[in-house]
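Novice:
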Amino acid sequence: MSLARPDALNITTKQKIALALGIVGLFILTLALFNVNFPNKGLFLTLALGLIVVGTILYSRDAYLNKLEGIKNDGQWFKSVSSRGIWGWILGVILTAFYIVLYFFAEYLGLGQGTDGSNTGLIRLFDPLSQLLSGRNASQWFVYGTLYTVAILAFGYKFILKYRHNRYQQLRTVSVMFFQLAFAFLIPEFMYRLNSGIPYYDLKNMWPLSYYNFEQYRIEGFLTTGNLGLIMLIFGVLSIFVISPILTYKYGKRWYCSWVCGCGGLAETVGDPFRHLSSKKQSAWKLERWLIHTVLVFSVIMTVAVVSSYLKAGGFWTGEEGNKRFIEYWLSNEAFLIGIGIFLTILFVGVMVFKRNELGKDAKYGAIGYFVVIAALVLLFYTGTTEEIFFIKSYKLKSAYGFYIGSIFSGVIGTGFYPILGSRAWCRFGCPMAGILGFQQRLFSKFRITTNGGQCISCGNCSNSCEMGIDVRHYAQKGENIVRSSCVGCGICSAVCPRGVLKLENDGMEGRINPTEVLLGNDVDLMKLVNQK
Amino acid sequence: MEHIVIIGNGISGVTLARHVRKLSDKKITIISAETDYFFSRTALMYVYMGHMKFEHTQPYENWFWDKNRIDLVKAYVKNVETKSKTLYFDNGGSLQYDKLIIATGSKPNKFGWPGQDLDGVMGMYHKQDLDNLEKYAPNNQVCKHAVIVGGGLIGIELAEMLNSRSIPVTFLVRESNFWNGVLPEGESGMISRHIKNHHIDLRLSSNLKEIKSDENGKVKSIIIEETGEEIACDVVGLTAGVSPNVDFLKDSDIELGRGVKVNRFLETNIQDVYAIGDCAEQHEAIGNRRPIEAVWYTGRMMGETLAQTLCGNRIEYKPGHWFNSAKFMDIEYQTYGWVFSERGKKDFEQHFHWRHDDDTKCITVAYNKNTNAFLGINTFGIRMRHETFDKWLTEKRDVDYVMHNLSEANFDPEFYSRFEKDILTAYKNQLQTA
Ligand SMILES: Cc1cc2nc3c(=O)[nH]c(=O)nc-3n(C[C@H](O)[C@H](O)[C@H](O)COP(=O)(O)OP(=O)(O)OC[C@H]3O[C@@H](n4cnc5c(N)ncnc54)[C@H](O)[C@@H]3O)c2cc1C
Ligand code: SF4
Ligand code: SF4
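Protein sequence lines correspond, in order, to chains A and B.
Counting in my numbering, the first sequence runs from 1 upward without gaps.
Counting in my numbering, the second sequence runs from 534 upward without gaps.
#1: Just to check, is the beta-carbon of GLY810 of chain B closer than 8 Å to a non-hydrogen atom of ligand 1?
#2: Chain A beta carbons: is any one of them nearer than 9 Å to that of ASN730 of chain B?
#3: Per DSSP, what kind of secondary structure is ASN740 of chain B in: helix, strand or coil?
#4: Suppose the cutoff is 7 Å on Cβ atoms and the five residues either side in sequence are ignored; what does the same chain contact list for ASN601 of chain B look like?
#5: Can you list, in chain order, the residues of its chain with a C-beta nearer than 7 Å to that of LYS250 of chain A? Leave out the 5 residues immediately preceding and following it.
#6: Under the DSSP definition of a beta bridge, which residues are partnered with CYS895 of chain B?
#7: Quick check: is any heavy atom of ligand 3 less than 8 Å from the C-beta of CYS257 of chain A?
#8: Measuring only the C-alpha atoms, how far is GLU467 of chain A from GLY271 of chain A?
#9: Apart from the five residues just before and just after ASN778 of chain B, which ones in its own chain have a Cβ nearer than 7 Å to its Cβ?
#10: In terms of residues, what are the limits of the alpha helix (DSSP H) holding TYR949 of chain B?
#11: At a Cβ threshold of 9 Å, is GLU69 of chain A touching chain B?
#12: Just the C-alpha distance for ASP968 of chain B and ASN905 of chain B, rounded to the nearest angstrom, thanks.
#13: Where do the ends of the beta strand (DSSP E) carrying VAL378 of chain A lie?
#14: Relative to the C-alpha of GLY22 of chain A, which candidate in A:PHE417, A:TYR59 and A:LEU109 has its C-alpha closest?
#15: Taking the straight line between their C-alpha atoms, what separation do you get for LEU908 of chain B and GLY541 of chain B?
#16: Could you tell me whether the Cβ atoms of THR831 of chain B and GLU849 of chain B are closer together than 9 Å?
#17: Residues of chain A with a CB under 8 Å from the CB of ALA576 of chain B: which are they?
#18: Classify ASP880 of chain B as helix, strand or coil using the three-state DSSP reduction.
#19: In the DSSP assignment, find the unbroken beta strand (DSSP E) run with ARG707 of chain B in it and report its ends.
#20: If you drop the 5 nearest sequence neighbours on each side, which residues of the same chain put their C-beta closer than 8 Å to that of LEU296 of chain A?
#21: Beta carbon of GLN216 of chain A, beta carbon of VAL306 of chain A: below 9 Å?
#22: Considering only heavy atoms of ligand 1, does any lie closer than 8 Å to the CB of ARG574 of chain B?
#23: Which whole-angstrom value describes the C-beta separation of GLN180 of chain A and PRO592 of chain B, a residue pair presumed to lie in contact below a C-beta threshold of 8 Å?
#24: Would you mind reading off the limits of the alpha helix (DSSP H) that contains GLY145 of chain A?
#25: For chain D, check one thing: does any of its Cβ atoms lie closer than 9 Å to the Cβ of HIS536 of chain B?
#26: Kindly say whether PHE711 of chain B, judged by its beta-carbon, lies nearer than 9 Å to any beta-carbon of chain A.
#27: DSSP has LEU520 of chain A in a bridge; who is on the other side?
#28: So, with DSSP's three-state summary, where would you put MET582 of chain B?
#29: Taking 8 Å as the cut-off, is the beta-carbon of CYS431 of chain A closer than that to any non-hydrogen atom of ligand 2?
#30: Check ARG557 of chain A in the structure and name its three-state DSSP category.
#31: Do ILE755 of chain B and VAL769 of chain B have their beta-carbon atoms positioned less than 9 Å apart in this structure?
#32: Of the residues that make up the segment 274 to 289 of chain A, which ones have a beta carbon closer than 7 Å to any beta carbon in chain B?
#33: Could you check where the beta strand (DSSP E) with GLN867 of chain B kicks off and where it finishes?
#34: Run down chain A in chain order and give the residues with a C-beta less than 9 Å from the C-beta of LYS586 of chain B.
#35: Excluding the 5 residues preceding and the 5 following GLY315 of chain A in the sequence, name in chain order all residues of the same chain whose CB lies nearer than 8 Å to its CB.
#36: When DSSP labels each residue in this structure, what does LYS204 of chain A get in the three-state scheme?
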């Protein structure tokens, strides 16, 4: 998140001043962290965030606007911070520490440490803003959300300048900036202000990315808040089962991963200087496929188990003492489990029948995943109780899931390790949402990256800058389209290609996957002979 | 088992090896003196500029060769004995082959300039040149000024490289406008201006007279032929073209011209000896192509072709429509079919030229003024689709058709501004005034 590039070669005076401003802003936050009690919190908060933003803006303007438009990657493998040098590691450690404190030791940030449970420290500094937006004091999540949003906005601006010759990059960056500011940050706060009792809901975050979306407290929240709550619940279900498949079919998973998603938004803006650090080894790809699908299977099972455990109760009590009423679920546990089983079976059989070829060797893994889930369903059906799932206390399982996947993976490793693993480690190895979208993208989508005939010179710029670790060159140099489940459609490979070889496109399904051996430009008879085997 | 030995691990040799492996079980050995593994020469510049590390220029991971049973030997072949089918290495070793493929690429031209072998004077072709540049021009303290001699594709890449480390560059170009032996005037003018916009001291119509040495045998300055001006510098890049790297074959029985002479089957005068890539020279040029084609794609295509022949399906090297591409600092260039410069074009070749006001995008469409047949297109700053032009060339479309359907060929990223309407309007206006 830091702009600091202490080792930057030849940074100008203006850039130094800009850096200094940003550092002063960070310094104010640090002072607050160490419990300096600023007199006018609103003012100092504004000052701190303002300085960080202004510093970033001035720095970026000086870095990019004085040069001609074009690709600006000079020295990215020389600078310590962006090439796993000492500054990269230091930054990684600071970020990781921040995440650990945030997730597990919020009291160090000052959460509820004052007399009468008010905030102190860093969190207290954010109280005025929180009061302004939602009328309550800040929490560690509010602090995090604010910093996150500020970071996406400031570095988004930087990214837009960096790619000021590229409209695709600019538009999608404006889009993630908007979704972060409005959907993730402002709207949920305003919704709270309406005092509706609807649980925090970032509308753009769908299950399974927000793995908690169908947990009991949320379902109760939705069901007790009248029509609005119900609409949100329905929207939550529709978004993953209807809206997302349609959009992914038309545009590929990029519509979400690099135009809407907040995790993606951070990776594309703040994480941009680290994108080339992702591993392109084939071994990393193998690991990726195992990990991401395991997480996906795990989140499906977890969610089903959790939902099943409260459905078993048939309903829940709500209302004040003396005025209690029982709200019945309209779905029984058995119907739910059987329904899921049938849905998955239809999906599985359908894919095996119609998409066997595209799946190739992965069919085996798909089958393993399917049978694991079905086995889990059967187990739930016969052994689950309201208290225990898989013979383990359900709350324990839930918190373990939240701990390992939600906190450790997506936060600590996913973001804290930006300077080490590259900007999309979470998106690539862990995100269950990316798993589902990727599956769709590979099998049911019009999206692909087209390669331009025989123009590739195997230079490797595309692979180098793919944050998802896709070896784009592997396909491009064979004249083969890139149809990979992990591609988030960021379009950077296309941008950096010095020969104009790559184009992100939505087109018909026919001939989308086109393995070739001999490229365009050679003898037409030879091409026919070799490619039509 | 037949032993296929390839000298040179560049794109042509490696493509050949890959295809032979796909088609057969033959024993394959690749010899190179340059690097352990195949890398992309075209990406050398990005290593110096810090976009990539050297290992990223290697298209295949190191385990690839073992897995595909392609033996790699790092040695310099100093002699080829075709009678006994033996190669002799400079380290004393030797190797027997059944079939030999020469794919030794090129080396930078040196035209006998005084001082051309001083320290700090280098070409930009091999990995060793890159290491050399890193040594003599690590930053703008060690290298206060650099001079590049020769305005071709490699020269401008070298200029961009040095520029990325804020090293001031003087760029000597023999032609009156950058690369105008190849590019039509409108385009080469635009590129010349673009080079200057990058604060590169571009000297047109300027030749190198001599390179001067300091007391330690290192370059100190250069003198320009035309003006006699002396320019102090720490590095001189010689990028006045390349020629086939075949000197080691001088004493062999293999017929040489500038390169290794081959027929359309890429066979040399000696049985079981073939040549592909930059070092191969056709007895007669194919169509408008040059007898020696020193580009990436043709090396690859020759490799693809020869693999068939070696595996029992003897076929001719029969390249399709010409295409190529390059990047001039920030401006991408692609070409499909043939567009010649004023110097090279035939009488029937007519050009339509369009340039955007921002002076970073332009196209030139060449057509036959008698028949209106479309001959080719140069496009700068607008990406176009290889497949579409390849099809149009095969279908022998006329220029009107191409101009009216230009948007079909657009390959720019989504949401980019499109210029087909402007181009068409300009085209129609030109017809009216013509
Ligand atoms: C900086 C640069 C940029 C370029 N950019 C482009 C571009 O954008 N587009 C394009 O089309 N082309 C480009 N080219 C040209 C392209 O790289 C060459 O045409 C291509 O690499 C030639 O491939 P090749 O396999 O014939 O030979 P090479 O790649 O030259 O490989 C030959 C190998 O053989 C080795 N060798 C030679 N002699 C011996 C010997 N006696 N014993 C052992 N080993 C030996 C050499 O050391 C070398 O490793 C560029 C070239 C350079 C230098
Ligand atoms: S393949 Fe290209 S578009 Fe897809 S994620 Fe990688 S860099 Fe982005
Ligand atoms: S697709 Fe473009 S960036 Fe990728 S290797 Fe080929 S030429 Fe280089």
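We put the beta carbon where it would ideally sit given N, CA and C, even for glycine.
Specialist: According to the data block:
#1: Yes, the beta carbon of GLY810 of chain B sits closer than 8 Å to at least one heavy atom of ligand 1.
#2: Taking 9 Å as the threshold, the shortest C-beta distance from ASN730 of chain B to chain A falls below it.
#3: Of the three classes helix, strand and coil, the one that applies to ASN740 of chain B here is coil, per DSSP.
#4: So the list reads ARG554, once near-sequence residues are dropped.
#5: Here the set comprises LYS446 and ASN506.
#6: CYS895 of chain B is bridged by DSSP to B:ARG888 and B:PHE913.
#7: Not under cutoff, so the answer is no.
#8: For GLU467 of chain A and GLY271 of chain A, the gap between their C-alpha atoms comes out near 9 Å.
#9: Around ASN778 of chain B: THR637, GLY638, SER639, LYS640 and CYS812.
#10: Counting along the chain, TYR949 of chain B falls outside any alpha helix (DSSP H), and DSSP gives it neither H nor E.
#11: Contact with chain B is found for GLU69 of chain A, since one of that chain's Cβ atoms lies less than 9 Å from the residue's Cβ.
#12: Absent from the model: residue 968 of chain B. The displayed extent of chain B is 534 to 967, so no value can be given.
#13: VAL378 of chain A: not part of any beta strand (DSSP E); member of the alpha helix (DSSP H) spanning 362 to 383, first to last residue.
#14: Ranked by Cα distance from GLY22 of chain A, the options A:PHE417, A:TYR59 and A:LEU109 are led by A:TYR59.
#15: Approximately 35 Å between the Cα atoms of the pair.
#16: Result no, Cβ atoms of THR831 of chain B and GLU849 of chain B do not sit closer than 9 Å.
#17: In chain order: ILE457, SER458, CYS459, GLY460 and ASN461.
#18: ASP880 of chain B: coil per DSSP, three-state reduction.
#19: Neither: ARG707 of chain B is in no beta strand (DSSP E) and is coded neither H nor E.
#20: So the list reads PRO208, GLY369, PRO432, GLY435 and ILE436, once near-sequence residues are dropped.
#21: Yes, the pair counts as a contact, with Cβ atoms nearer than the cut-off.
#22: Checking every heavy atom of ligand 1 against the Cβ of ARG574 of chain B, one is found closer than 8 Å.
#23: Your pair GLN180 of chain A and PRO592 of chain B does not check out as a contact, with CB atoms roughly 37 Å apart and the cut at 8 Å.
#24: Run containing GLY145 of chain A: 140 to 162, per the alpha helix (DSSP H) assignment.
#25: As a matter of chain content, chain D is missing from the structure shown, whose protein chains are A and B.
#26: No, no contact with chain A.
#27: DSSP, once it has assigned bridges, lists A:ASN522 as partnering LEU520 of chain A.
#28: Correct three-state label for MET582 of chain B: coil.
#29: It does not: the Cβ of CYS431 of chain A is nowhere closer than 8 Å to a heavy atom of ligand 2.
#30: Residue 557 of chain A lies beyond the range of chain A shown here (1 to 533); nothing can be said about it.
#31: Yes, they are a contact pair.
#32: Of all residues in the segment 274 to 289 of chain A, LYS281 and GLN282 have a Cβ within less than 7 Å of some Cβ in chain B.
#33: Element bounds for GLN867 of chain B: 864 to 870.
#34: Result: TRP77, SER83 and ASN464.
#35: Spatial neighbours of GLY315 of chain A in its own chain (CB-CB distance under 8 Å, excluding positions within 5 residues in sequence) are listed in chain order as PHE326, ILE327, GLU328 and TYR329.
#36: Here LYS204 of chain A sits in coil by DSSP.
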